[in-house]
Amino acid sequence: MKAPNFLLLLLLLSVIVPVIIQCDDNLINQICRRTPFRDLCIATLEPNTNSSSSDVKGLASIMANIVLGNASDTLNYIEGLIKQAPDPQQERALANCAELYIPVVRYELPQAIDALSKGHFGFANYCIADAGKQADACEKGFSGSAKSPLSDRNNLLKSLCGIAVAIINLLAKGLS
419 MKAPNFLLLL LLLSVIVPVI IQCDDNLINQ ICRRTPFRDL CIATLEPNTN
469 SSSSDVKGLA SIMANIVLGN ASDTLNYIEG LIKQAPDPQQ ERALANCAEL
519 YIPVVRYELP QAIDALSKGH FGFANYCIAD AGKQADACEK GFSGSAKSPL
569 SDRNNLLKSL CGIAVAIINL LAKGLS
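Per my numbering, the very first residue in the sequence shown carries number 419; after that it's consecutive.
Quick look at the structure:
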């Protein structure tokens, strides 16, 4: 008698678990479809082990932390490039980028993550949107013949910020 009950439970779980996983993947797809960079959103959230069990607020938090990680990595990269800058013009542009990224990494994005956890979506949105603007300002700091060695990184950060802002906007509209 116990063996059939166990088999029934196993059969039931084998049917329910894929449905639950499918629902979680559907949430990521549903949310990412409503962002400006759907494919990047999916590619960023799906590999994250916490995404599959998260609600919209959890996905927003994951994305905000990814934005912070990306900005931190870019700041470290900038600091390395400053030491190797081939000319004073590029060194100045890189130093300007560092000055733009430092407050984003140390203050703005951590405050955004904290605000998000407390339900202060407007402030979180403002901070993350500003991080994207700072990446854009960094990119614009390379003028004339100085080609930006940060274009890919700045563009990725702006895109990730756009995704995070879109998800937080969904939260602000009451989607949970």
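Where is the CB? At the ideal position from N, CA and C, for every residue including glycine.
Is DSSP giving Glu509 helix, strand or coil here? Indexing the sequence shown from 1 puts residue 509 at position 91. Helix.
The alpha helix (DSSP H) that contains Leu575, what's its start and end? Indexing the sequence shown from 1 puts residue 575 at position 157. Its alpha helix (DSSP H) spans residues 569 to 590.
Classify Ala461: buried if its beta carbon has 16 or more other beta carbons within 10 angstroms, exposed otherwise. As a position in the sequence shown, residue 461 is number 43, starting the count at 1. Exposed.
Residues of its chain near Leu512, where Cβ-Cβ distance is below 7 Å and the 5 sequence neighbours each way are ignored: Taking the first residue of the sequence shown as 1, we reach residue 512 at position 94. Ile496, Leu499, Ile500, Ala503, listed in sequence order.
Backbone CA spacing between Ser569 and Leu575 [nearest angstrom]: Locating residue 569 in the sequence shown gives position 151, counting from the first residue. Locating residue 575 in the sequence shown gives position 157, counting from the first residue. Those two C-alpha atoms are separated by around 10 Å.
Between the CA atoms of Gln508 and Asn587 - distance to the nearest angstrom: Counting from one through the sequence shown, the residue named residue 587 turns up at place 169. Counting from one through the sequence shown, the residue named residue 508 turns up at place 90. Whole-angstrom Cα-Cα distance: 37 Å.
DSSP three-state assignment for Asp532, whether helix, strand or coil: To locate residue 532, count along the sequence shown from 1; it is residue 114. Of the three classes helix, strand and coil, the one that applies to Asp532 here is helix, per DSSP.
Distance, Gly537 Cα to Ala584 Cα: For the purposes of this step, residue 584 is identified with residue 166 of the sequence shown, where counting begins at 1. For the purposes of this step, residue 537 is identified with residue 119 of the sequence shown, where counting begins at 1. Using only the alpha carbons, I get a separation of about 15 Å.
Looking at C-beta atoms only, is the number of pairs between the segment 554 to 562 and the segment 514 to 534 that lie closer than 8 Å three or more? yes
Do Leu578 and Ala478 have their beta-carbon atoms positioned less than 8 Å apart in this structure? Here residue 478 refers to the residue found at position 60 when the sequence shown is read from its first residue. Here residue 578 refers to the residue found at position 160 when the sequence shown is read from its first residue. Not closer than 8 Å, so no.
Beta carbon of Ile446 nearer than 8 Å to that of Glu464: For the purposes of this step, residue 446 is taken as residue 28 along the sequence shown, with counting starting at 1. For the purposes of this step, residue 464 is taken as residue 46 along the sequence shown, with counting starting at 1. A contact, by the Cβ cut-off of 8 Å.
Which of the three DSSP states is assigned to Glu464 in this structure? Residue mapping note: residue 464 aligns to position 46 of the sequence shown, counting from 1. It is coil, neither helix nor strand.
Length of the line joining the Cα atoms of Gly562 and Asn543: The sequence position of residue 562 within the sequence shown is 144, counting from 1. The sequence position of residue 543 within the sequence shown is 125, counting from 1. Between Gly562 and Asn543, the C-alpha separation is close to 33 Å.
Would you mind sorting Arg571 into buried or exposed? The rule is 16 or more other CB atoms within 10 Å of its CB. Counted from its first residue, the sequence shown places residue 571 at position 153. Answer is buried; the Cβ neighbour count reaches 16.
For the segment 516 to 533 and the segment 480 to 488, state whether three or more C-beta atom pairs, one from each stretch, are separated by less than 8 Å. yes
Would you identify the three-state DSSP class for Arg456, choosing helix, strand or coil? As a working note, residue 456 is residue 38 in the sequence shown. Arg456 falls in the helix class under three-state DSSP.
Below 8 Å between beta carbons: does that hold for Leu458 and Ile581? Taking the sequence shown and counting its residues from 1, one reaches residue 458 at position 40. Taking the sequence shown and counting its residues from 1, one reaches residue 581 at position 163. Contact flag set, yes.
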